[in-house]
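J.: Using the working numbering, the letters of the sequence shown correspond one by one to residues 2 to 430. Glycine residues also receive a C-beta, built at the ideal position from the N, C-alpha and C atoms.
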Amino acid sequence: MEEILVHGGRPLFGKLEMPTAKNSILPILAAAVLTRDAVCIHRAPFLQDVETSMQLLAALGCPAVRAGQDLLLSCDGPVGDTVPRPLMAAMRSSIYYLAPMLVRAGRARLSFPGGCRLGARPIDIHLEGLTAMGARVTARGDLLECDAPHGLHGVRFHLRFPSVGATETLMMAAAAARGETVLTGAAREPEIRDLANFLNACGGRVTGAGSSKIVIRGGRLHGCAYTPIPDRITAQTVLCAGAACGGEILLERVPFEPIRPMARLLTQAGCRLRRLDHDRVELVSDGRLTALGTLSTGVYPAFATDAGPLLAAAMLTARGTTRLRETIFTNRFGCAKEFARMGADLDCRGNLLSIRGVPALRGARVEAGDLRGGAALVIAALAAQGESRISGVEYIRRGYEDIGEMFGALGAAIGRSAQPERETTAAGR
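1. Contact check, Cys61 vs Gly78 under 8 Å by CB: the rounded distance?
2. Would you mind sorting Met316 into buried or exposed? The rule is 16 or more other CB atoms within 10 Å of its CB.
3. Output the distance between the C-alpha atoms of Leu353 and Phe304, rounded to the nearest integer angstrom.
4. Taking DSSP's pairing of strands, which residues face Ala68 in a bridge?
5. Short of 6 Å in beta carbon distance, which residues of its chain neighbour Gly224, apart from the five on each side in sequence? Order them along the chain.
6. Smallest Cα separation from Ser418: which of Arg398, Ala365 and Ile391?
7. Should Cys246 and Ala109 be called a contact, given that it needs their Cβ atoms to be closer than 9 Å?
8. Let me check one thing: in DSSP terms, what residues is Cys349 bridge-paired to?
9. Short check: CB of Leu48 to CB of Tyr401, under 9 Å?
10. CB Ala149 to CB Val104, shorter than 9 Å?
11. Would you say Pro101 and Ala31 are within 9 Å of each other, going by their C-beta atoms?
12. Is the Cβ-Cβ distance between Asp232 and Lys23 less than 9 Å?
13. Quick check: Thr185 and Arg157, are their CB atoms within less than 9 Å of each other?
14. At which residues does the beta strand (DSSP E) containing Leu251 begin and terminate?
15. Would you mind stating whether Ala308 and Arg399 have Cβ atoms separated by less than 9 Å?
16. Have a look at Met343 and Gly364 and give me their C-alpha separation to the nearest angstrom.
17. Looking at the structure shown, is Gly154 part of a helix, part of a strand, or coil, going by DSSP?
18. Give the range of the alpha helix (DSSP H) segment to which Ser286 is assigned.
19. Between Leu240, Ile397 and Phe162, which lies nearest to Leu284 when the distance is taken from Cα to Cα?
20. Using a Cβ-Cβ cut-off of 8 Å (strictly less than) and excluding sequence neighbours within five positions of Arg320, which residues of its own chain qualify?
21. Secondary structure at Gly1, three-state DSSP: helix, strand or coil?
22. With C-beta atoms as the reference, is Ser286 less than 9 Å away from Gly248?
23. From Gly219 to Ile329, what does the alpha carbon distance come to, in whole angstroms?
24. Out of curiosity, what's the CA-to-CA distance linking Pro123 and Arg350?
25. Which residues bound the beta strand (DSSP E) around Gly299?
26. Thinking C-beta only, is Phe162 closer than 9 Å to Asp143?
27. Below 9 Å between beta carbons: does that hold for Ala176 and Gly209?
28. Under DSSP, the alpha helix (DSSP H) around Ile391 begins and ends at which residues?
29. For Pro231, name the three-state secondary structure that DSSP assigns.
30. Is there a C-beta anywhere in chain D that falls below 9 Å from the one on Gly205?
31. Just to confirm my understanding: we take Arg273, look at its own chain, exclude 5 residues before and 5 after, and list those with CB closer than 6 Å. What are they?
32. Is Gly309 helix, strand or coil when you go by DSSP?
33. Under a Cβ-count criterion, where at least 16 other Cβ atoms within 10 Å of its own Cβ denotes burial, should Thr306 be classed as buried or exposed?
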């Protein structure tokens with residue numbers, strides 16, 4: 002087994018260019034199944050979830066191949082109607098293939114999606130919307146069987162919660178359906194706009210993405226070449242690490258608006274954060290932060306749930322008390338017990354994490370249990386005194402190409418090491 006090895010306590014200095022957003026490229030790869038023509042995705046990151054997506058595409062008869070940083074794929078032949086169970090279990094984003102399979106194969110057989118253990122993540126809104134568009138859905142245990150005997154048609158549909166996944170699923174279905182679809186109560190994230198831009202590059206007619214009302218006029222789609230947007234969560238990961246460790250960091254290829262809530266909070270905590278132009282941000286920190294009081298995550302454009310653990314890691318040594326209330330997932334702060342191993346003073350009750358800043362953290366052996374919680378542990382380890390070893394690297398790889406290389410470029414003492422199996426057994430993990 003593999004661990005990330007960190008010798009903490011060093012400030013971070015340097016410049017980084019942000020990679021393509023994981024949460025954009027995954028639905029875009031699924032949407033490519035809607036067209037029979039060739040699609041080229043530029044700047045495709047080397048993530049585990051992208052690799053899983055490539056395996057899933059191959060299983061459906063739509064193989065994707067790498068050419069450097071590009072992904073090339075074509076779905077000009079028959080598209081399969083079944084997703085292998087291990088691929089469904091590997092990531093939450095496997096659900097994105099439901100609508101394209103209904104469009105191309107006329108039916109879909111798949112189990113419920115997996116992913117990080119963040120609590121209940123229902124797909125009922127996805128299924129309600131598809132049913133309204135003419136799909137038939139049957140659930141047998143954890144197996145879903147869906148078909149569309151007469152094809153999909155446009156509909157007016159209101160999402161009772163602005164689910165990103167449901168919004169993207171219904172956008173994909175509507176882009177190839179008959180007639181016009183109007184989605185209200187839609188999610189507004191930048192990744193929604195990015196998917197709409199991809200569909201439009203393929204000849205789609207999507208308007209209003211980024212607002213709560215999206216209009217999609219269905220039709221035949223064609224291939225295209227497309228570059229997805231940069232990763233705003235990776236940008237916030239680096240900013241939180243810089244805030245906690247101190248130093249001076251310049252981020253390039255990072256639009257400011259999606260990270261504005263985090264920028265405001267880090268400025269309030271005592272960092273100097275400047276927007277240099279439309280896609281460059283500079284952070285300067287002395288590592289001595291002030292607690293933020295009480296704040297909550299929320300749906301975009303509020304402070305993002307994915308960024309909650311990252312900010313929590315930065316606040317572990319801040320003067321005063323920070324209370325973070327999570328409003329989306331029931332187990333978002335599963336990393337809290339691992340923070341405690343590093344000497345953090347905190348209390349996690351339900352969805353409320355209370356952090357009383359301590360003078361310093363100490364290195365420890367900790368285990369990542371989900372993607373963003375794992376990144377938060379890396380941030381805490383970078384700020385801690387002494388050596389930390391982080392296992393559960395497979396979770397972190399789902400959203401970061403090489404988090405060690407990324408922080409190493411900023412002067413961090415971070416690398417990877419093999420973890421003897423006997424140590425894993427002895428620790429009860």
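T.: Taking the structure as given:
1. Correcting the residue identity first, residue 61 is Leu in this sequence and not Cys. About 10 Å separates the two Cβ atoms, so there is no contact after all.
2. buried
3. 15 Å
4. Asp71
5. Thr36, Asp38, Ala39 and Val40
6. Ile391
7. no
8. Leu354
9. yes
10. yes
11. yes
12. yes
13. yes
14. Gly248 to Glu253
15. no
16. 6 Å
17. In the sequence as displayed, the identity of residue 154 is His instead of Gly. It is a strand residue.
18. Here Ser286 belongs to no alpha helix (DSSP H); instead the beta strand (DSSP E) covers Arg281 to Ser286.
19. Leu240
20. Arg289, Leu290, Thr291, Ala292 and Gly358
21. In the structure as shown, the chain starts at 2 and stops at 430, and residue 1 therefore has no counterpart that could be examined.
22. yes
23. 31 Å
24. 23 Å
25. Unbroken run through Gly299: none, as it is neither H nor E.
26. no
27. no
28. Taken as a continuous stretch (DSSP letters only), Ile391 belongs to no alpha helix (DSSP H), being part of the beta strand (DSSP E) at Gly387 to Ser392.
29. strand
30. Among the protein chains of the structure shown there is no chain D, as only one such chain exists.
31. Val285
32. helix
33. buried
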